[in-house]
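Everything below concerns the one structure shown next.
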Amino acid sequence: MSQLIRSAVLLLALLPALPGSALAERPQRIVSMGLCTDQLALLLAEREQIASLSLWARDPQMSYMIDAVGDLPLNNGAVEEIVRYAPDLVVTSQFTAWDTAKFLRQLGYRVEQLPQARSIEDIYRVLELFGDWSGNPERAADSIARLRARLAETRARYADRPQKTVIAYAPNGFTVGANTLEHDIFTHAGYRNLAAEMGIEGFQQLSLERLVAADPDVLQVDRDLSRPASLATAYVGHPVLDKLVSARESLDIPLRLRICAGPMIAEAIEMMAARR
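Going by this note's numbering, the first residue of the sequence shown is number 8, and it counts up by one from there.
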C-alpha cells in the first residue's frame, strides 16, 4: 500500500459524522488555519464556537488578539490535526494553505476562504463574510459601524494637517504600490504613497537608488519581518537605508495593527495620522 493511500485511509478513519444540514446550521466547532482568520474568529464568533486557532494566534508581533486567546487549542494547519477537532467550519485566507483547504473539502468539510482585502471597503466585506459564515451577522454589522465611525473621527481630527509623502520598504526591497490595503491605509491616514505615484502596483521590488531619488518625507521600514542571517535582510539593513532613515521621519506602526484586514486597521490609521 502506497504512503498516499495509507494517509487517505488514516484520514477517513478520523472523519466525524458530518450532518447533512451542517451548512444551514450555526457553526459550533470553528477551526481557523491562519492569523487573519484567528483575529476575526476572536472578534466576531462566540468563544464556545471556536474549536481551534492557528499557532500564529499567540505570536506577540503579529497577533492583535493575543490577549483573548487564553486556553483555546492551537493547530499547525496540518490536515491530520484539523480533522481531530471535528470542525463544522474551517476558515482560512485565500492564499493560505490552499492545498490543505482543497483536501479538507474533498473529505466533506465546509471550508471558507477570505478574499484578499485591497482597500478599507474590502475590510467591510471581509467582516460581513465572516459574520455570515460564523452565524454572527449582528456582531459583524456592529464592528463595521464602529470601524466607520472611528475612521470618520480620525479623518476629522487631523483634517487640517498637511499631507506627507511616504514609502514603505521591506525585506528583499519590496514596497507597496497601488491596489493594496497598505496603500489605502496610507491614503486614509493622509499620506501620499510615492510608490503608487511611481507607477508601482501591488507588491514590487524598489531599488535603493529609486528610493533615495524619490526623497519621501516619511519612511516605513519593516525590519521586524526579516531574519538576521537572510539575504533579504541586506536590503533593510543597508547603510544607505540607515542614513536615509536617520535623516527622515520614520513610521513605526506595529505589524499586529496592519498585517490583517480588520477593525485594528483603525488604530494603525490613527497612529499614522497623528504623526503627520
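Glycine included, every Cβ here is placed at the ideal spot set by N, Cα and C.
Could you tell me the alpha carbon to alpha carbon distance between A156 and A185, rounded to whole angstroms?
25 Å
When you compare each of K250, D229 and P223 to Y198 by their alpha carbons, which one comes out closest?
P223
Beta-carbon spacing of L226, S257 below 7 Å:
yes
Cβ shell of A281 (< 8 Å), same chain only, five flanking positions each side left out:
Y165
Could you check how far apart the C-beta atoms of L251 and Y71 are, in whole angstroms? I think they sit under 8 Å.
About 29 Å; that fails the 8 Å criterion.
For I37, which beta-bridge partners are listed by DSSP?
I57 and L96
The beta strand (DSSP E) spanning Y131 covers which residue range?
Per DSSP, Y131 belongs to no beta strand (DSSP E); it is in the alpha helix (DSSP H), I127 to S141.
Report the residue from T182, D229, L96 and T107 whose alpha carbon sits nearest the alpha carbon of Q35.
L96
Counting beta carbon pairs with one atom in the segment 133-148 and one in the segment 41-57, are three or more of them shorter than 8 Å?
Touching, per the Cβ criterion.
Just the C-alpha distance for P270 and S150, rounded to the nearest angstrom, thanks.
Rounded to the nearest angstrom, the two C-alpha atoms are 7 Å apart.
Distance, Cα to Cα, S237 vs N179?
For S237, the predicted structure reports a pLDDT of 44, less than 50, and the residue's modelled location is therefore unreliable. A value from the coordinates is still provided. If you draw a straight line from the Cα of S237 to the Cα of N179, it is about 10 Å long.
If I measure Cβ to Cβ from S100 and keep anything under 8 Å in the same chain, skipping five residues before and after, which residues do I get?
G41, C43, T44, Q120, L121 and Q123
Considering only their Cβ atoms, is the gap separating L201 from A221 smaller than 7 Å?
yes
Inter-residue CB distance, L81 and R65 (contact presumed, cutoff 8 Å):
7 Å
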